[in-house]
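See below for the structure under consideration.
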Amino acid sequence: MNSKNFTIGTRSFTSRLIVGTGKYKNFSETQSAIKNSGAEIVTVAIRRTNLGQKPSEPSLLDYIDRDLVTLLPNTAGCYSADEAVRTLQLARELLDGHDLVKLEVLGDPTTLFPNVTETLIAAERLIQDGFQVMVYTSDDPVIAKRLEELGCVAIMPLASLIGSGMGILNPWNLKIIIDNSMLPVIVDAGVGTASDATIAMEMGCDAVLMNTAIAAAKDPIGMAGAMRKAVEAGREAFLAGRMAKKAYQASPSSPKTGLLTPQG
Amino acid sequence: MNSKNFTIGTRSFTSRLIVGTGKYKNFSETQSAIKNSGAEIVTVAIRRTNLGQKPSEPSLLDYIDRDLVTLLPNTAGCYSADEAVRTLQLARELLDGHDLVKLEVLGDPTTLFPNVTETLIAAERLIQDGFQVMVYTSDDPVIAKRLEELGCVAIMPLASLIGSGMGILNPWNLKIIIDNSMLPVIVDAGVGTASDATIAMEMGCDAVLMNTAIAAAKDPIGMAGAMRKAVEAGREAFLAGRMAKKAYQASPSSPKTGLLTPQG
Amino acid sequence: MNSKNFTIGTRSFTSRLIVGTGKYKNFSETQSAIKNSGAEIVTVAIRRTNLGQKPSEPSLLDYIDRDLVTLLPNTAGCYSADEAVRTLQLARELLDGHDLVKLEVLGDPTTLFPNVTETLIAAERLIQDGFQVMVYTSDDPVIAKRLEELGCVAIMPLASLIGSGMGILNPWNLKIIIDNSMLPVIVDAGVGTASDATIAMEMGCDAVLMNTAIAAAKDPIGMAGAMRKAVEAGREAFLAGRMAKKAYQASPSSPKTGLLTPQG
Amino acid sequence: MNSKNFTIGTRSFTSRLIVGTGKYKNFSETQSAIKNSGAEIVTVAIRRTNLGQKPSEPSLLDYIDRDLVTLLPNTAGCYSADEAVRTLQLARELLDGHDLVKLEVLGDPTTLFPNVTETLIAAERLIQDGFQVMVYTSDDPVIAKRLEELGCVAIMPLASLIGSGMGILNPWNLKIIIDNSMLPVIVDAGVGTASDATIAMEMGCDAVLMNTAIAAAKDPIGMAGAMRKAVEAGREAFLAGRMAKKAYQASPSSPKTGLLTPQG
Amino acid sequence: MVEVWINGGSVTLEDNTSVDSLIDSLGLSDRKIAIEINHQIVSRSRYDSITLKHKDKIEIVTAVGGG
Amino acid sequence: MVEVWINGGSVTLEDNTSVDSLIDSLGLSDRKIAIEINHQIVSRSRYDSITLKHKDKIEIVTAVGGG
Amino acid sequence: MVEVWINGGSVTLEDNTSVDSLIDSLGLSDRKIAIEINHQIVSRSRYDSITLKHKDKIEIVTAVGGG
Amino acid sequence: MVEVWINGGSVTLEDNTSVDSLIDSLGLSDRKIAIEINHQIVSRSRYDSITLKHKDKIEIVTAVGGG
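Here the protein sequences come in this chain order: P, S, U, Z, X, G, A and B.
So in my numbering, spot 22 of the first sequence is number 1094, and the numbers just go up one at a time.
So in my numbering, spot 163 of the second sequence is number 1235, and the numbers just go up one at a time.
So in my numbering, spot 141 of the third sequence is number 1213, and the numbers just go up one at a time.
So in my numbering, spot 32 of the fourth sequence is number 1104, and the numbers just go up one at a time.
So in my numbering, spot 67 of the fifth sequence is number 182, and the numbers just go up one at a time.
So in my numbering, spot 42 of the sixth sequence is number 157, and the numbers just go up one at a time.
So in my numbering, spot 34 of the seventh sequence is number 149, and the numbers just go up one at a time.
So in my numbering, spot 15 of the eighth sequence is number 130, and the numbers just go up one at a time.
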């Protein structure tokens, strides 16, 4: 296993941190946060253009250097397979045939929990249509396996609800998904702080995708750097192989012999 | 607050990771792990010399560059104030008057849980005798405050039992200690993997001290590097200020307007 | 809200503990455990008769007094909607037209995690065919809502994997299901000890279904009684309304005035 | 081991739930809650009499039937060994020579965390003076052992801060105390709801002491009954011996053979 | 003689064996069971009127312990 | 004159307006966009050859910040 | 007349007031109480034989609700 | 000849052996060590001036790996 590179579909990446571009104060902050995060993949949403906009007004894509990062258009806000497929077909047209996409189909506007049955339908249609589908899903390991069998290129289970920052609520399900998947497993949604990302990587995730945890930090640019290190720390700890936990009996770090007052 | 430096007694440091030197395969591994961890303080134990040893046999101190790192002699294995004081007086002689020490007085050989009453006695005597005392203790906030009042230079509560790798078992007590202390608070004992260190730093600890988590990893040198990043990630996240947790209602990362199929 | 009764479909019950009949040493133990649990609903599986069996050999149904308890045939071991529907149609024939059933469709023989897409299909067909369907499912709140819309009579999310005894791994999802459902929500699978059942009921579940936690206890009959009280304790605590948690500042239980040595 | 009785000092009890008498709306509510809880020991605080009070005004002791319950005077609000000893000597006089007492010496008015060094001093003096001392302490296992050696009759570690309702924050320390103590171990402080009490008893505690969890519930009398069952459920589950946890592979509750569609 | 499958195993029966007599010969008369022939459930009232044919696939099920 | 729907709002255009000139008039020429007419994606190469018809439903989308 | 402290407050009493009559005058005769004078506990049997002196510090305590 | 205890073991030395020569004979001259005689720490500057006496309890310690 190489700690440096990982592959999604036909593309290879070094950074294991994928970041979103929503909720920033302005595009300049977005740009700095991306840069500080070291991310090589950044997600974007697809929305109707604002018709009243002046031609001179800046747009997000002006702030992203596509030579350095890969765009990952998503289907945020879609509640049906139809909408999601349509949105990504538009995204492909918009991005000159770009085929790597993030599929998410939501099931409920209050929780933003995914609708896994619609997600399965959309995934199948998108794969048929030539897309490389990174798929946002719940932590249901049976659904995750089915998405893999359909031909997705990355499985992206939630840690907790989108925008909640609650961290990994059910590490057991996540572990089953990781153990059973041949694909990259990327925690998407729910990371709230650096240690959440470290934990995900220590469990054996291949990468972490986040947006709010950076954009809604008090200092987003500082948090972007923290997340970069957090993901690297988690990955390196996973590769280094942690010590075993011992509930107790405790084991001293210093030698038990040679003491001035030897223990009975 | 400056993220870069922190002060213990009369000394100032950049790295917030303090490492032990026990349990390594050999001194060369110890040396590489220290280097990779970036630690500026390393702990050593004081023990009777092995009389049978050949003059040419290497000793630990040959492998530590005292221009780069500060030695921190400890009292590991001491079960009374008397032994602990005597051990550190010997350490001071051994290290040419060095006064920065780690006091730990154990209360039970099975759990290695600290004996806080003996620790209080030893701390008082050592401070009287001119030492700068970094003190290992339980997560009892009243004892921590008392140790601060006695004049210790750093409070070092356990995360969990020495050598257990169980992580921070009671973050609530640790939080009370951090909130009430004017001194550096350093988690000492119980860290098992990178995310444990990140969590400690995110809570507002000033540094983390560990030994087994690195030395007993499958790849200690790799883990040393992971820990370095983990501590930095946690510190930077603490300074950046994490997003608020929202149990739910979830809040979308992508705009809710401009959808192809607007939500009712 | 009446703490005493709850209704599933067209039937009303007093006990909120539903027990399985698998994994006991013998039928006599099964019988005693059911009695001690106070359960009014007990699950049974449907299997091929053992053809070599002697007519005089006892059978499970001889040990269950159907005047006192309602049988709940399940589809344990079914991996498709077809099998599950067929199994419950046989069960209905076997039990003289009995229509209250537990649907479970598994997705993976290693984890026994449910297959929610097949579960949806089977639920729809069974409801069409006149069954009252209590449905075992994951803790996916979108799927739970869909099962409710199809016309199931009880939603039975897992606490953790069948037979694992790990307790409620994701209370957050369970809470969303409870908050959004008009149906009885019954935790099914994963309870390992009494407190797991108490926690489920305190969260607002209407009942708890368990098998292994009782049958695989060292003393199953004793555990059956413990579970009865645990479910009642949880229900009563839910109705009584717990105190608010206070991280700290702590609030004394005894008066702060009238002390011999008044606090400054 | 007999599940029915347990012994504290020279007295024997059936109920394993000890309740406080603070924070109730009125004495009548106190009385009903005690009755519904089934408690045989109730704590009282010692305070200066209110000199303005009319002779006809009721007093707490009028509402407690000392034939049914044992009073347990406490030292709530004492911050030194001196005060605590003096308070319990007055209590003994007040209660006609009653010698069973609850010692607590606090270390901080904000957290109400115990001062374990003052507690040790007070315990020693009270035992010398003929008291049977049930001692409130932190979850420090070395202190707990020392209190046992001094001759206390019950060790009462906190679950979490007094009045916090946070439950058992560090089950690991509590487990060490239980494993190492020959005395009754009684969780005192921090229980917030029924399941907290069940968990404490399942871990092997001999009893649970609570006040706020009942008195500050929305319906204190209902919660008293819930707690009674919760403690009994936990005790019975402890005696029955819970099933082993299995992270996964899951193990089915229904037979794997005899299926209509046998699994490959 | 006809050959039928019962619960996955092959069994040879007399011609014109009714479901009723099969159950009887298997010692299942007093048991709570349900029967499927060729994936069709056979209601109890028809046990005496149905005779088993060559290659029939018969499933006889009962309730057992399960969770 | 034709009336069309653009991003959900009604707009009146000259007869025979091409997609190209629509984009131009909206000031979107230099923007990265994609266009759908009546649920069919229109590729960029065809912007000058397609004219908009009465009641056409036009969606013009772009990439925005999202997670 | 003597001045004493009772539960932290100053009170003026007749000379030679016994503990018993103090308790009586405070309406505490039927209450469960314990008394300390100048940090010494006074047992009930001595309430009638002890008279209060100038500057005595008297604590009268009872049991109240507590956890 | 004198008998002393070094690090818990008994050793026989020539009369008037200095600390310095003891260290030398133990091969510890180039090591970082500290020495206690009869629970009193002996500073390095006094190694040559102190001679070991019968029954002296000598502890020689060094720094080793520890956490």
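Ideal Cβ positions, reconstructed from N, Cα and C, are used throughout, including at glycine.
Computed from a prediction, not measured in an experiment: that's the story for all the values here.
Put Z:A1153 into one of helix, strand or coil per three-state DSSP. DSSP places Z:A1153 in the helix class (H, G or I) of the three-state scheme.
Spatial distance of Z:L1345 from P:G1235 (CA atoms): Given that chain Z is displayed from residue 1073 to residue 1336, the structure contains no residue 1345 of chain Z and the question cannot be resolved.
Relative to the C-alpha of Z:I1240, which residue among Z:P1130, Z:G1110, Z:G1264 is closest? Residue Z:G1264 is the option with its Cα nearest to Z:I1240.
Name the chain P residues whose beta carbon is nearer than 8 Å to that of B:V179? Ordered by position in chain P, the residues that pass the 8 Å Cβ test against B:V179 are S1326, P1327, G1330.
Rounded to a whole number of angstroms, what is the C-alpha to C-alpha distance between U:D1251 and P:P1181? Cα to Cα, U:D1251 sits roughly 15 Å from P:P1181.
Answer with buried or exposed for P:L1140, where buried requires no fewer than 16 other C-beta atoms within 10 angstroms of its C-beta. When all chains shown are included, P:L1140 counts as exposed.
Classify B:G124 as helix, strand or coil using the three-state DSSP reduction. DSSP, reduced to helix, strand and coil, places B:G124 within a strand of the structure shown.
Z:P1256 by DSSP, collapsed to three states: which one? Correct three-state label for Z:P1256: coil.
Going by Cα to Cα distance, which pick from P:N1098, P:Y1096, P:Q1103, P:G1110 is closest to P:T1086? Measuring from the Cα of P:T1086, the nearest candidate turns out to be P:G1110.
Could you name the residues of chain B that S:T1117 contacts, counting a contact when the two beta carbons are closer than 9 Å? The displayed chain sequence assigns Ala, not Thr, to residue 1117 of chain S. Those within 9 Å of S:A1117 in chain B are A178, V179, G180, G181, G182.
Under 7 Å, CB to CB, which of the residues in the region 1265–1299 of chain S have a partner in chain P? If the cut-off is 7 Å between Cβ atoms, the region 1265–1299 of chain S has T1265, A1266, S1267, T1270, I1271, E1274, N1283, T1284, A1285, A1288, A1289, K1290, D1291, G1294, M1295, G1297, A1298 near chain P.
Which word fits U:Q1161, buried or exposed, when buried means at least 16 other C-beta atoms lie within 10 angstroms of its C-beta? With 16 or more other Cβ atoms inside 10 Å of its own Cβ, U:Q1161 counts as buried.
Smallest Cα separation from P:F1078: which of P:R1307, P:L1331, P:G1313? Cα-wise, what sits closest to P:F1078 is P:R1307.
From the DSSP output, read off the bridge partner residues of S:P1186. Under the DSSP definition of a beta bridge, S:P1186 partners with S:L1178.
Spell out a yes or no on whether the region 1307–1320 of chain P and the region 1282–1300 of chain S are touching, meaning 3 or more CB-CB pairs, one atom from each, closer than 8 Å. Flag = yes, the region 1307–1320 of chain P and the region 1282–1300 of chain S touch.
Drop a sphere of 10 angstroms on the beta-carbon of P:G1094, count the other beta-carbons inside from all chains shown, and report buried for 16 or more, exposed for fewer. P:G1094 is buried by the Cβ-count criterion.
What residues from the region 1144–1161 of chain U come within 9 Å of chain X, judged by C-beta to C-beta, listed N to C? Here the close residues are P1145, N1146, A1148, G1149, R1158, T1159, Q1161.
Rounded straight-line distance, which links the Cα of S:I1271 to that of S:M1254: Spanning the alpha carbons of S:M1254 and S:I1271 requires a straight line of approximately 20 Å.
Output yes if chain Z places a C-beta closer than 8 Å to the C-beta of U:G1094; else output no. True, the Cβ-Cβ gap to chain Z drops below 8 Å.
Is there a Cβ of chain A sitting closer than 8 Å to that of Z:K1126, yes or no? Z:K1126 has a beta carbon lying within less than 8 Å of a beta carbon in chain A.
For Z:E1101, which residues in chain A fall below 9 Å Cβ to Cβ? The contacting residues do not exist; Z:E1101 stays about 10 Å from chain A at best.
Can you list the residues of chain U that P:P1229 reaches, using a CB-CB cut of under 8 Å? Going along chain U, no residue has its Cβ under 8 Å from P:P1229, so there is no contact; the nearest lies around 12 Å.
Where the alpha helix (DSSP H) containing S:K1107 begins and where it ends: Counting along the chain, the alpha helix (DSSP H) containing S:K1107 begins and ends at 1099–1109.
Any contact of the region 1215–1230 of chain U with the region 1220–1230 of chain P, i.e. 3+ C-beta pairs under 8 Å? Cβ pair count under 8 Å is below three, so no.
Are the region 140–155 of chain X and the region 1144–1152 of chain U in contact at 8 Å, needing three or more beta carbon pairs? Touching, no, given that fewer than three Cβ pairs across the two stretches are closer than 8 Å.
Beta-carbon separation (whole angstroms), X:I148 vs U:L1166, contact threshold 8 Å: Contact flag correct, Cβ pair sits at about 6 Å.
If you drop the 5 nearest sequence neighbours on each side, which residues of the same chain put their C-beta closer than 7 Å to that of X:I138? If the five residues before and after X:I138 are omitted, its C-beta is found closer than 7 Å to the C-beta atoms of S144, Y162, all from its own chain and listed in chain order.
Chain A contact residues for Z:L1166, given Cβ-Cβ distances below 8 Å: Result: K147, I148, A149, V176, T177, A178.
By the DSSP assignment, the alpha helix (DSSP H) with Z:A1266 in it spans what residues? Segment 1266–1274, the alpha helix (DSSP H) holding Z:A1266.
Among S:V1177, S:F1099, S:L1089, S:V1207, which has the Cα closest to the Cα of S:G1081? Nearest option by C-alpha distance: S:V1207.
Comparing C-alpha positions only, which one of Z:R1164, Z:T1191, Z:P1324 sits nearest to Z:S1210? Out of Z:R1164, Z:T1191, Z:P1324, Z:T1191 has the C-alpha closest to the C-alpha of Z:S1210.
Does S:A1117 come out as helix, strand or coil in the three-state DSSP assignment? If DSSP states are grouped into helix, strand and coil, S:A1117 belongs with the strands.
Checking the sheet assignment: what are the DSSP bridge partners for P:F1310? According to DSSP, P:F1310 bridges with nothing at all.
Is the distance from the Cβ of U:L1246 to the Cβ of Z:R1158 below 8 Å? No. Outside cutoff.
Counting C-beta neighbours from all protein chains within 10 Å, is the total for Z:N1187 16 or more, i.e. buried, or is it exposed? Burial call: buried.
Any chain Z beta carbon closer than 8 Å to A:L128: Residue-level contact check: A:L128 does not touch chain Z, since none of the beta carbons of chain Z fall below 8 Å from its beta carbon.
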